[in-house]
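In mature numbering (1 follows the signal peptide of the UniProt record, and there is no 0), the protein residues as written are -21 to -1, 1 to 281.
Written as structure tokens, this is what we have:
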């Protein structure tokens, strides 16, 4: 095109159009191979900001709304779910067929006063937003109950009901008149392991904030350095963009963790169009040494 014949105004408009076109970011593309890198509009600040938020919430020692307010998992700490390496049968953020049947999804709550050094044998997983920090358009997590360590919830009706091997003493704690760490511990000494009772912390439960704070106390009393367990209401498969996923994580030093997290990140982007960062997480050992790191080289979506 011969631009010399254009007027100054027309030439200026043409030049502006060309400059805008040259500076526009490339369109998002999805590579055909799950092992290839996906290109996306850069979101350079999201990963480092996510890592800082996780560290801040880990370091906090607060109850949301103070004494008698809402449980701490609503605004503080880290809700995480360890996940196995995907076999392609369902998306890692969707409930498994078994979870769909029982209507519950298992996770754990990590904070400086509720630390643990493992999430069973999982090398990677998902971190969920607390309800008070949800992005627009995402669904809340409805936590139903909690256990100070693994509650064998896959065997409990609805994830929170009694354990079939000891249905009386493993019934929900409040139904047995148990609402404090001391009361729970006294019962546990007679039952132990998977026959523990779980605390009801569902919406509308009286004193749910204070009851949930029995979990850090009990983890300290048990001195197991093992993960606690929370059960939240299962959502229906699909609608990936509505899932409150803050990050995918992998555990430093565990085989298959990074590649598994990259697969999940790509899969979620393909299903939702949302770029969720991968965080390298180092779990605390005896309450020390935790790290939440965003590394650009870890990302499968750029």
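Note that CB positions come from ideal geometry on N, CA and C, so glycine has one too. Here the structure is a predicted model, which is why all the values come from computation and not from measurement.
1. Would the beta-carbon of residue 33 fall within 8 Å of that of residue 247?
2. By DSSP's criteria, residue 292 is part of a beta bridge. Which residues make up the other side?
3. Can you grab the Cα-Cα spacing for the pair residue 15 / residue 213, in whole Å?
4. Can you give me the Cβ contacts of residue 154 inside the same chain, cut-off strictly under 7 Å, excluding the 5 residues immediately before and after it?
5. Under 8 Å, do residue 229 and residue 256 count as touching if we go by C-beta distance?
6. State the Cα-Cα distance for the pair residue 140 and residue 170, rounded to the nearest angstrom.
7. Rounded to the nearest angstrom, what separates residue 85 and residue 124 at their Cα positions?
8. Does DSSP put residue 111 in a helix, a strand or coil?
9. By how many angstroms is the C-alpha of residue 269 removed from the C-alpha of residue 263?
10. Below 6 Å CB to CB, which residues in the same chain sit around residue 60 once its five sequence neighbours on both sides are set aside?
11. So what's residue 71 in DSSP terms, helix, strand or just coil?
12. Alpha carbon to alpha carbon, what distance is there between residue 176 and residue 146?
13. Output needed for residue 91: all residues of its chain with C-beta closer than 6 Å, excluding positions within five of it in sequence on either side, in chain order.
14. Tell me which residues share the same chain as residue 216 and place their Cβ nearer than 6 Å to its Cβ, disregarding the 5 neighbours each side in the sequence.
15. Comparing C-alpha positions only, which one of 219, 278, 142 and 266 sits nearest to residue 249?
To lay it out plainly:
1. no
2. Past the edges of the chain, shown from -21 to 281, lies residue 292, and the structure says nothing about it.
3. With a pLDDT of 43 at residue 15, under the threshold of 50, the modelled position of this residue cannot be trusted; read the value that follows with caution. One C-alpha to the other measures close to 31 Å.
4. none
5. no
6. 16 Å
7. 10 Å
8. helix
9. 4 Å
10. 86, 104 and 105
11. coil
12. 10 Å
13. 37 and 38
14. 73
15. 219
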